[in-house]
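J.: Input: one structure, supplied below.
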Amino acid sequence: MRLICVGGAWSASGKTSVVELLLRAFPGWAAIKVTPSRPEEVCPLGTCCGACQAPEGPYEVITEPAILAETGKDTARFQAAGASEVAWIRALPEALPTALEVALAGWVDPPGVIVESTTLLPAVSGLRLVVAPAHMPRAKESTGRCAGHVDLLALNRFGAEEAPVAHPLKARLRAPVALALRADGAVEDPVNAPFIAYCREQVALMRPEGGPFR
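The sequence shown begins at 217 in my numbering and counts up one residue at a time.
Here's what the structure looks like:
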């Protein structure tokens with residue numbers, strides 16, 4: 217299966233914008249938003265949107281168009297970016313692999329799937345990348361657990377800032393490649409050219425058969 221998994225080093229790192237950029241670069245691909253539910257923990261964003269609340273059962277795979285298209289949802293952004301199919305997974309962490317398989321089984325062979333999830337990143341096949349603000353050397357604890365499972369560190373430039381020559385997270389995550397990009401820019405943006413080219417090269421090497429896990 218051709219799959220790209222996008223995680224984030226920190227909240228507001230721009231991972232959803234990177235998913236949008238990739239959807240524009242890979243027409244016809246599907247997209248999945250993953251929200252781990254940890255009822256015993258405080259919301260990391262300090263909000264009451266309900267996204268982190270426990271699902272009914274171990275997981276829920278939400279495909280209802282009216283829910284996915286709600287203003288402000290990442291899934292609505294995926295649709296606007298051209299995703300051929302969209303799903304939203306809400307699951308307890310231990311149920312995420314099962315939920316992903318269920319979501320993928322509901323589609324008729326899209327050319328590829330982009331999954332937005334830091335939690336699933338160590339387990340999935342395909343191209344695994346972490347988005348980090350170019351100016352921020354830190355990472356949240358869950359991202360640190362991805363060390364050794366990251367293929368690409370995507371350094372998101374905001375405004376006119378420059379990406380550092382050597383970002384500390386590259387070594388911490390043991391990522392073999394680090395590339396700068398402007399997540400809110402166009403596919404044709406010269407800053408994004410190396411990032412898009414690298415992703416296309418990696419996708420070209422992927423075999424369409426096989427499951428989503430390593």
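Where a beta carbon is used, it is the ideal one built from N, C-alpha and C, also for glycine.
1. Would DSSP call A402 helix, strand or coil?
2. Give the single residue among P410, H383, S358, R416 whose Cα lies nearest to the Cα of G223.
3. Buried or exposed: where does L421 fall if 16 or more other Cβ atoms within 10 Å of its Cβ makes it buried?
4. Considering just the uninterrupted stretch of the alpha helix (DSSP H) at A241, what are its terminal residues?
5. Whole angstroms is fine: what's the gap from V331's alpha carbon to G288's?
6. Quick one: what's G183 bridged to in DSSP?
7. Which word fits P428, buried or exposed, when buried means at least 16 other C-beta atoms lie within 10 angstroms of its C-beta?
8. Quick one: what's V277 bridged to in DSSP?
9. Alpha carbon to alpha carbon, what distance is there between A355 and E385?
10. Any idea what DSSP makes of G374, helix, strand or coil?
11. So what's C362 in DSSP terms, helix, strand or just coil?
12. Take E378 and list the residues in its own chain whose beta-carbon comes closer than 6 Å to its own, dropping the five residues that flank it on each side.
13. What's the C-alpha gap between G401 and V407?
14. Determine the burial state of D325: buried for a count of at least 16 other Cβ atoms within 10 Å of its Cβ, exposed for fewer.
15. Quick test of the definition: if touching needs 3 or more C-beta pairs under 8 Å, does the stretch 362 to 377 touch the stretch 404 to 418?
16. Just how far apart, CA to CA, sit E236 and D405?
17. Just to confirm the assignment, what range does the beta strand (DSSP E) spanning A396 have?
T.: According to the structure data:
1. Locating residue 402 in the sequence shown gives position 186, where the first residue counts as 1. Three-state result, A402: coil.
2. The sequence position of residue 223 within the sequence shown is 7, counting from 1. Nearest option by C-alpha distance: S358.
3. Reading the sequence shown from its first residue, position 205 is the one you call residue 421. With fewer than 16 Cβ atoms within 10 Å of its Cβ, L421 is classed as exposed.
4. The residue given as residue 241 occupies position 25 in the sequence shown. Here the alpha helix (DSSP H) through A241 covers 231 to 241.
5. For the purposes of this step, residue 331 is taken as the residue at position 115 of the sequence shown. For the purposes of this step, residue 288 is taken as the residue at position 72 of the sequence shown. Those two C-alpha atoms are separated by around 18 Å.
6. What the structure shows of the chain is the stretch from 217 to 430, and residue 183 is not part of that stretch, so it cannot be assessed.
7. For this step, residue 428 is matched to residue 212 along the sequence shown. Classification of P428: buried, given that the 10 Å Cβ count is 16 or more.
8. Residue 277 sits at position 61 when you count from the first residue of the sequence shown. Per DSSP, I305.
9. Reading the sequence shown from its first residue, position 169 is the one you call residue 385. Reading the sequence shown from its first residue, position 139 is the one you call residue 355. It is Leu, not Glu, that sits at residue 385 in the sequence shown. The alpha-carbon atoms of L385 and A355 are separated by roughly 8 Å.
10. Taking the first residue of the sequence shown as position 1, residue 374 is located at position 158. Inspection of the sequence shows that residue 374 is occupied by Phe rather than by Gly. In this structure, F374 counts as coil in the three-state DSSP scheme.
11. If you number the sequence shown from 1, residue 362 lands on position 146. In the structure shown, C362 sits in coil (DSSP, three-state: anything other than H, G, I, E or B).
12. Sequence index remark: in the sequence shown, residue 378 carries index 162 (1-based). The answer is none, since no qualifying residue turns up.
13. Within the sequence shown, residue 401 is the residue found at index 185, counting from 1. Within the sequence shown, residue 407 is the residue found at index 191, counting from 1. Computed Cα separation, rounded: 9 Å.
14. For the purposes of this step, residue 325 is taken as the residue at position 109 of the sequence shown. Exposed, since its Cβ has fewer than 16 Cβ neighbours within 10 Å.
15. yes
16. Within the sequence shown, the letter at position 20 stands for residue 236. Within the sequence shown, the letter at position 189 stands for residue 405. Each residue's Cα considered, the two are about 14 Å apart.
17. As a working note, residue 396 is residue 180 in the sequence shown. From DSSP, the beta strand (DSSP E) with A396 extends over 393 to 397.
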